[in-house]
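The block underneath contains the structure these notes are about, expressed in structure tokens.
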Amino acid sequence: MTIFTYRDERRLFALITVIIVAALLALVQMNAQRSGQASPLTTVGTSVVAFVEMATSTIFDGVRGGSSAVLQLPQLERENGTLRSANLVLEKENQRLHEVAAEYASQGVAKPLVDLYPNALVARVIGFPPEGTSRSVTIDRGTSGGVHKDDGVVADGGIVGRVESADPFSSKVVLVTDYTSRFPAVTRRGRFWGIARGNLSSVRVEYIPQDAPIKIGDIVVTGEGRSFHAGVPIGRIVRIERGDETLYQTAILKPAVELGALDRVVVVPK
Amino acid sequence: MLALLAQVTLVHFVTVRGVEPSLVLVAVVWFAIRVNTQRAAIYGLAAGLGEDILAIGTGGAWTISTTIVAVIAGALSRGFFADSLPLVCVITAIATLVRLLVFWVVMAFEHYPSGLAVLHFHEAWVAAALNAFVMLVAMIVARRFDTA
């Protein structure tokens, strides 16, 4: 090895010191990981970085929107005339739809998520895990905004995941598709129970009894659990795995929410 | 730091077969092959720790793997020219494979559920190719600036 050829021992000692420091820091992180709590390093680091992530995300959105607008300027001018005339028609249609929406709201059918869940908090997705080794996102609400570990997170359509760690100004949410994710699940039709486990791009509902007559297209919802009340849609069955020599069958779900295009989510304190 | 911020905000939108290039690794290798081993180790330590802080459930896996890769890259670079395009790209690809191998070994010790080894193996090869490509582009751009 090249490092044994150093003549200056101070360099070798410096290298050893760096490795020892690395090991100590790694141990602190691993200890925090095993105890299920955020390490002091993580708390300080995420608090600082959350502000930078918010700023970067905002600037990136602004630059992306601005540049695309400039590039499409000639086309936008042509479309402007067409849209002005269409606008008059749409305004009338809009008034009609407002009346329809008000009617639905009065019947409790089309209530927004924040109305459905008391104490719900709207949050924006501001960051993603480095290098995509986990299916998770960072949101811009933390303990100072009322978010706690294990709170459920939903979006329009169904379950997103649960809060894995809450820092003062941001929180990390493990998506339902993450490999470490586990939820109690039940089919809406027939009420057959299972355990929903993340499978990176889909969700697997395992331990469904072999004789349960589940079908492709059935909707699976959450059972009463640590993060969610019962009845939040997890996804729709797209494949069923049955074996002749097993006690259980497994349903593969397409998540109810488009998890690759998350922007705003709702945190639901349990 | 810039590479890390880009990694958690922008790079998520640039994936190939579900795999993101690692700007953090490219930055670490870039610096590691240009400095001595202990400074390379410091870069690796800082970058890995930053990733662990911003990730979920990785414990110290990025810290350990990135520091080791930085030390190896720093030690290897004493035997070749740091401005050789093919050599640096190969080093980057190898560094990616070694880093992910160490990362998932540490994750296994931290009780990450098993069963995805084949997937991680395939992803590692894609990541190696992606990172080598990013390094190639970065070096070509840097040369343009140097000659300008």
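The listed protein sequences derive, respectively, from chains A and B.
Reminder that position 87 of the first sequence reads as 86 in numbering that gives the first Met the number 0, one-by-one numbering, no gaps.
Reminder that position 117 of the second sequence reads as 116 in numbering that gives the first Met the number 0, one-by-one numbering, no gaps.
Just so it is clear, CB atoms sit at the ideal spot from N, CA and C, and this is done for glycine as well.
Being a predicted model, the structure only gives us computed values, none of them experimental.
For residue i, count the other beta carbons within 10 Å of its own beta carbon; 16 or more makes it buried, fewer makes it exposed. Which is it?
i       : result
E130(A) : buried
A109(A) : Interpretation of A109(A) is limited by its pLDDT of 34, a score under 50 that renders its predicted location unreliable; the figure taken from the coordinates is listed afterwards. So A109(A) ends up on the exposed side.
D166(A) : buried
T55(A)  : buried
S38(A)  : buried
P20(B)  : buried
L96(A)  : exposed
D51(B)  : buried
S76(B)  : buried
D150(A) : buried
V207(B) : Absent from the model: residue 207(B). The displayed extent of chain B is 0 to 147, so no value can be given.
F102(B) : buried
T95(B)  : buried
M0(B)   : exposed
E90(A)  : exposed
A98(B)  : The residue asked about is misnamed: residue 98(B) is Arg in this sequence, not Ala. Result: buried.
P58(A)  : According to the sequence provided, residue 58(A) is Ile. The question's Pro does not apply to it. The residue is exposed, with fewer than 16 neighbouring Cβ atoms inside 10 Å.
G114(B) : exposed
For a cutoff of 8 Å on Cβ pairs, would you count residue i as touching chain A?
i       : result
I63(B)  : yes
P85(B)  : no
H35(B)  : Checking the displayed sequence, the identity of residue 35(B) turns out to be Asn instead of His. Answer yes: the Cβ-Cβ gap between N35(B) and chain A drops below 8 Å somewhere.
D145(B) : no
H11(B)  : yes
A91(B)  : Note on identity: in this sequence residue 91(B) is Thr, with Ala being the wrong assignment. Answer no: the Cβ-Cβ gap between T91(B) and chain A never drops below 8 Å.
I71(B)  : no
T8(B)   : yes
A40(B)  : yes
L100(B) : no
V136(B) : no
T66(B)  : yes
V28(B)  : no
V18(B)  : yes
Who does residue i pair with in a DSSP beta bridge?
i       : result
L120(A) : V266(A)
K253(A) : R235(A)
Q248(A) : I207(A) and R241(A)
I158(A) : V153(A)
K171(A) : T137(A) and S164(A)
P183(A) : I194(A)
I18(A)  : DSSP, once it has assigned bridges, lists no residue as partnering I18(A).
I279(A) : Since the first and last residues shown for chain A are 0 and 269, residue 279(A) lies out of range.
V15(B)  : V18(B)
G126(A) : T137(A)
V202(A) : G197(A) and L252(A)
Looking at chain B, is there any beta carbon in it that lies within less than 8 Å of the beta carbon of residue i?
i       : result
M0(A)   : Since pLDDT at M0(A) reaches only 48, below the 50 mark, its modelled position is unreliable, and the value read off the structure follows with that caveat. Chain B, which has a Cβ nearer than 8 Å to the Cβ of M0(A), makes this yes.
Y116(A) : no
G275(A) : Not covered by the structure: residue 275(A). The range shown for chain A is 0 to 269.
S105(A) : Residue confidence is low: S105(A) scores 44 on pLDDT, short of 50, so the model does not pin down where it sits. Its coordinate-derived value is still stated next. No - not a single Cβ of chain B is within 8 Å of the one on S105(A).
G126(A) : yes
E130(A) : yes
T245(A) : no
K171(A) : yes
A85(A)  : no
V62(A)  : no
A109(A) : Note that A109(A) scores 34 on pLDDT, short of 50, meaning its location in the model is unreliable and no value can be drawn from it.
A250(A) : no
L120(A) : no
L26(A)  : yes
Out of curiosity, what's the CA-to-CA distance linking residue i and residue j?
i       : j       : result
Y178(A) : K171(A) : 15 Å
P232(A) : L14(A)  : 53 Å
Q106(A) : E92(A)  : Per-residue confidence for Q106(A) stands at a pLDDT of 45, beneath the threshold of 50, marking its modelled position as unreliable; no derived number is given.
L258(A) : V15(B)  : 17 Å
L129(B) : Q28(A)  : 29 Å
A46(B)  : T65(B)  : 7 Å
S83(B)  : V27(B)  : 17 Å
P183(A) : G224(A) : 6 Å
F108(B) : R33(A)  : 11 Å
R17(A)  : A74(B)  : Before going further, note that residue 17(A) is Val rather than Arg in the sequence given. Rounded to the nearest angstrom, the two C-alpha atoms are 15 Å apart.
R140(A) : L135(B) : 39 Å
S201(A) : K269(A) : 25 Å
V263(A) : T137(A) : Here residue 263(A) turns out to be Arg, not Val, going by the sequence shown. In a straight line, the C-alpha of R263(A) is about 11 Å away from that of T137(A).
P117(A) : S226(A) : 14 Å
Y206(A) : T81(A)  : 56 Å
Task: chain B contacts made by the stretch 30 to 57 of chain A, where a contact means CB separation under 7 Å - done: Listed in sequence order: Q32, L40, T41, G44, T45, V48, V51, E52, T55 and S56.
Open item on the list: Short of 9 Å Cβ to Cβ, which residues in the stretch 154 to 168 of chain A face chain B?
Closed with: Within the stretch 154 to 168 of chain A, the residues whose Cβ lies closer than 9 Å to some Cβ of chain B are E163 and S164, listed in chain order.
Task: Selection of the stretch 44 to 63 of chain B by Cβ proximity to chain A, strictly under 9 Å - done: Going along the stretch 44 to 63 of chain B in chain order, one finds L44, G47, L48, G49, E50, D51, I52, L53, A54, I55, G56, T57, G58, G59, A60, W61, T62 and I63 with a Cβ nearer than 9 Å to chain A.
TODO: Mind checking the stretch 171 to 197 of chain A against chain B and listing, in chain order, the residues whose C-beta falls within less than 7 Å of any C-beta there?
DONE: When CB distances to chain B are screened at a threshold of 7 Å, the residues of the stretch 171 to 197 of chain A falling below it are K171, V173, Y178 and T179, in chain order.
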